[in-house]
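Residue numbers (this note's numbering): 3 to 266.
We put the CB at the ideal spot given by N, CA and C, even for glycine.
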């Protein structure tokens, strides 16, 4: 299985090169905005040892993603997930999620520790794919429809956010778009969807369906976890979740902003 994952990862790594080039360019330009100095200093103080870590390459990201999807929770350790988060943020960039995984290891894959209700032949029992199959068979139709809509909005949100941030940077006036970018960067929840949305700008029907199942599964897991917390947890998620996820996460009143369309 590892050999197959490595081969697929090698083939798909080049697809993310352009996406990462654009993201890195925006990151670099934001680093040069004096108006964000205080925010950057605050973030750096929460992740002081970032220079000592080793982010994954594009191939490594794909490899671990494929391995985790097939092998399930046993296929990837918290340290590897931290390296994934570091790779998405960039070397020496503050990343709070990675910091938590490195200093106070938790169980970020707790949602897939339970046995899935349905299993496909030939896959490990706890394969994430089995969880997606269970979601497809058991989730209410309206919930699947909400996931489908969210999956369809992901690419547009990613492109719109990039354009809005680029416009604010060009004007030298960082605003709500830059702040949303920074939060997604620092906490990671928006970063992975940004990369996925830019990488799959025109998803096929099958790709959108799979993404819908992934979104339903992940947001159900988050909501289950927040059910044991007070309102602060939901407020935090409302601030951090990308706008296209708010309805799926059953969170209303998320931050809105007008975003310019793509530059011609």
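- Message: Can you look up residue 128 in the DSSP assignment and give me helix, strand or coil?
- Response: Residue 128 sits in coil when the DSSP states are folded into three classes, being neither helix nor strand.
- Just how far apart, CA to CA, sit residue 26 and residue 32? Looking at the two C-alpha atoms, the distance is approximately 10 angstroms.
- Message: In chain order, what are the residue ranges of uninterrupted alpha helix (DSSP H) at least 4 long that sit wholly in the segment 28-54?
- Response: Within the segment 28-54, the runs of alpha helix (DSSP H) that reach at least 4 residues and sit entirely inside it are, in chain order, 39-48.
- Beta-carbon proximity list for residue 210, same chain, < 7 angstroms, skipping 5 on both sides: The residues are 150, 153 and 154.
- Task: Ignore the nearest five residues each way along the sequence and tell me which others in residue 215's own chain have a CB closer than 6 angstroms to its CB.
- Result: Taken in chain order, the residues that qualify are 134, 137 and 138.
- Own chain, CB closer than 8 angstroms to residue 47, minus 5 neighbours either side, in chain order: Cβ within range, chain order: n/a, list empty.
- Measuring CB to CB, does residue 159 end up less than 8 angstroms from residue 246? Judged by their CB atoms, residue 159 and residue 246 are nearer to each other than the 8 angstroms cut-off.
- Verify whether the separation of the beta carbon atoms of residue 243 and residue 197 is less than 8 angstroms. No, these two residues do not count as a Cβ contact at 8 angstroms.
- Message: So, with DSSP's three-state summary, where would you put residue 139?
- Response: The DSSP-derived three-state label of residue 139 is helix.
- Query: Looking at the structure shown, is residue 177 part of a helix, part of a strand, or coil, going by DSSP?
  - Reply: Reduced to three states, the DSSP call for residue 177 is coil.
- Task: Mark residue 44 as exposed unless 16 or more other C-beta atoms lie within 10 angstroms of its C-beta, in which case mark it buried.
- Result: Classification for residue 44: exposed.
- Query: So, is residue 120 buried or exposed, given that buried needs 16 or more other C-beta atoms within 10 angstroms?
  - Reply: Exposed: under 16 other Cβ atoms inside 10 Å.
- Run the CB neighbour count on residue 175, radius 10 Å, all protein chains shown included, and call it buried at 16 or more, exposed below. Here residue 175 is exposed. Its C-beta has fewer than 16 other C-beta atoms within 10 Å.
- Which residue's Cα is closest to the Cα of residue 38: 204, 188, 187 and 181? Across the set 204, 188, 187 and 181, the C-alpha of 181 shows the shortest separation from the C-alpha of residue 38.
- Identify, in the order they occur along the chain, each residue of the same chain with its Cβ nearer than 8 angstroms to the Cβ of residue 157, setting aside the five sequence neighbours on each side. If we look at residue 157 and ignore the five residues flanking it on each side, its Cβ neighbours are 199, 200, 202, 203, 204 and 205.
- For the alpha helix (DSSP H) containing residue 198, list its first residue and its last residue. That run of the alpha helix (DSSP H) goes 191-201.
- Message: Among the candidates 96, 195 and 127, whose CA atom is the shortest distance from the CA of residue 22?
- Response: It is 195 whose Cα lies nearest to the Cα of residue 22.
- Query: Cα separation between residue 179 and residue 87?
  - Reply: So the two alpha carbons sit approximately 21 angstroms from each other.
- Evaluate residue 85 with the Cβ neighbour count: other Cβ atoms within 10 Å of its Cβ, from every protein chain shown; 16 or more gives buried, anything less gives exposed. Around the CB of residue 85, 16 or more other CB atoms lie within 10 Å, so the residue is classed as buried.
- Message: Please state whether the Cβ-Cβ distance between residue 142 and residue 132 is less than 8 angstroms.
- Response: Pairing residue 142 with residue 132 gives a Cβ-Cβ distance that is not under 8 angstroms.
- Message: Judging by CA-CA distance, which residue of 35, 95 and 105 is the nearest neighbour of residue 81?
- Response: Checking every option, the nearest Cα to that of residue 81 belongs to 105.
- Query: Just the Cα atoms here: how many angstroms apart are residue 208 and residue 97?
  - Reply: In this structure, the straight-line span from the alpha carbon of residue 208 to that of residue 97 is close to 32 angstroms.
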